[in-house]
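Using our numbering, you'd call the opening residue of the sequence shown number 1 and step up by one each time.
Note that the Cβ used here is the ideal one computed from N, Cα and C, for glycine as well.
Data block below; observations after.
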Amino acid sequence: EQELHEPLRKPEDIIDAVNRSKTSGDHSEIHQILRNRNINLRSAIEEDINGKKQKRTIARKLLEDVVNGDKIVKRELDIHVKTTSDKEDSIDYGLQIDFEGIFSEESDKQTMVIYDLLDLHVERRSEYNESFTSLIKHPVIATFILAKWKKTRWYFYITSAMFLTFLLLYSVFVLHL
C-alpha cells in the first residue's frame, strides 16, 4: 500500500464540513474550504478511524465519507480544465489541463489519487461503478494516465520482451532435456 506524506496540519475543518454535509446534503462548504485553504485532491489528511490513526487523500475521504462525493471530486477536477477559445468550432479551440490538482512534481507518489480511484472502484464493484468509471474517464485523469503511459510504455515493452525471451529459451531448454 502506498504511503502518504505531509498530512494537513489542521484537518478538522474539512472533516467537520464532510460530517455536516452528510445530513445537510450541501457540498458548498467543502468546495469553499478546498479553494480557500488551497487544498487539492492529493492533499493528505490524518484522522482517527476506529481508534487508529489513518492517512488518506482528500479524494479518498470525499469518495468514502460524503454522500455523492464523486460529484465533489468531479467538480474539483473540472476546475483544472480550461478551454483555449470560447468558440467550440474554432481551430483555436482546445483544452488546457492543469495536473496540479492530482499530482505534484516534488512528490514521489504522483499517482495516489488515481490509485485511490482504482482501489475504490475495485472495493465497491457494484455500488458506485458508474460514478468511479466516469471519474476515471474525466479528461484530467485520462490525460494524466495517457501521459504516464507514454513515459513508461518502453519499460513495459522491454520487460515484456525480456520475459517472453526467457520463456521461449526456458521452453526450448525443457524440451531438449
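The beta carbon of H138 is closer than 7 Å to those of K74 and L77 in its chain, skipping five residues each way along the sequence. If you look at E64, you'll find it in the alpha helix (DSSP H) that goes I58 to D65. If you check the CB distance, I72 and E47 do not come in under 8 Å.
Residues R56 and L120 of the same chain have their beta carbon placed closer than 8 Å to that of E64, with the five preceding and five following residues left out of the count. When C-alpha distances from Q110 are compared across L175, S90, N129 and F144, the shortest belongs to F144.
The criterion of a C-beta distance shorter than 8 Å is not satisfied by L95 and V113.
Counting the other CB atoms within 10 Å of its CB gives H27 a total of 16 or more, which places it among the buried residues.
Between L146 and L117, the C-beta gap is not smaller than 8 Å, which leaves the two residues out of contact.
For E46, the enclosing beta strand (DSSP E) begins and ends at A44 to I49. Counting other Cβ atoms within 10 Å of its Cβ, G69 reaches 16 or more and is therefore classed as buried. Separation of the CB atoms of S21 and E29 is rounded to 7 Å, and the pair is thereby assigned contact status at 8 Å. Under the three-state reduction of DSSP output, L41 falls in the coil class, being neither helix nor strand. As DSSP reads the structure, L146 sits in no beta bridge.
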